[in-house]
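Using the working numbering, read the sequence shown as starting at 9 and increasing by one per residue.
Below: the structure, in structure tokens.
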Amino acid sequence: MGKIFYYGRQYEKAFNAYEKAVEANSNSSDAWLGKGKALRWLGRYDEAIAAHKKVLEIDDKYYSAWVEQGAALRRKEQYDDAIKSCEQAIKIKPNYARAWYNKACYLALLNKIEPAIESLRKAVELTASDGKYKNMAQEDSDFKPIRNDEQFQKLLRN
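Structure (structure tokens):
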């Protein structure tokens, strides 16, 4: 039920739905993940991080929870920790393009050009068939610090 509210950007309703799911089953990693995502969209980053930590206490191999935790940490400008969260997801699922893309974003925000481009290259390679992350990177404000870099431009052109 909570997913339906995400698509309509009704994050308070999503939060309420996942809160009920957590109350019904406090060991549901999916319920905690949904709650954490809703909290992040509501701008309640500390609570989101706590919810994602709960997911990872239940299942530390839940790779998307690592990425979601990274996204909440990014909102608090804790880029190094956000990168570490993405790296945990990549250890679990090396071909998880979203983890590579998010890692590239956080590295770019730290102006770490070469590692950002390498992480973005991996995300682009993994989604070559639909061009998802290549297209997203064209407009993503996280890449503003490295947008004029020749290698970044070359990656997006090819």
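Ideal Cβ positions, reconstructed from N, Cα and C, are used throughout, including at glycine.
In the structure shown, the three-state DSSP call for G42 is helix. Per DSSP, the unbroken alpha helix (DSSP H) holding D88 starts and ends at 87-100. Leaving aside the five residues that flank Y53 on each side, the residues in its chain whose CB is nearer than 7 Å to its CB run, in chain order, A80, R83, K84. Taking the C-beta atoms as reference points, L47 is found nearer than 8 Å to A59.
Rounded to whole angstroms, the separation of the alpha carbons of L164 and N156 is 11 Å. Exposure of S137 is indicated by the presence of fewer than 16 other C-beta atoms within 10 angstroms of its C-beta.
Spatial neighbours of I57 in its own chain (CB-CB distance under 7 Å, excluding positions within 5 residues in sequence) are listed in chain order as Q77, A80, L81. Taking a 10 Å sphere around the C-beta of R106, we find 16 or more other C-beta atoms and assign the residue as buried.
Here V75 is near N110, since their CB atoms are less than 8 Å apart. For S137, no alpha helix (DSSP H) segment is defined, and its DSSP state is neither H nor E. Under the three-state reduction of DSSP output, N110 falls in the helix class. Taking the Cα positions, E27 is about 43 Å away from Q161.
Proximity to Y114 across K101, L128, N103 peaks at L128, based on C-alpha coordinates. Residue burial is scored here from C-beta neighbours: G42 has at least 16 other C-beta atoms within 10 angstroms and is therefore classed as buried. CA-CA distance, P123 to A39, rounds to 34 Å.
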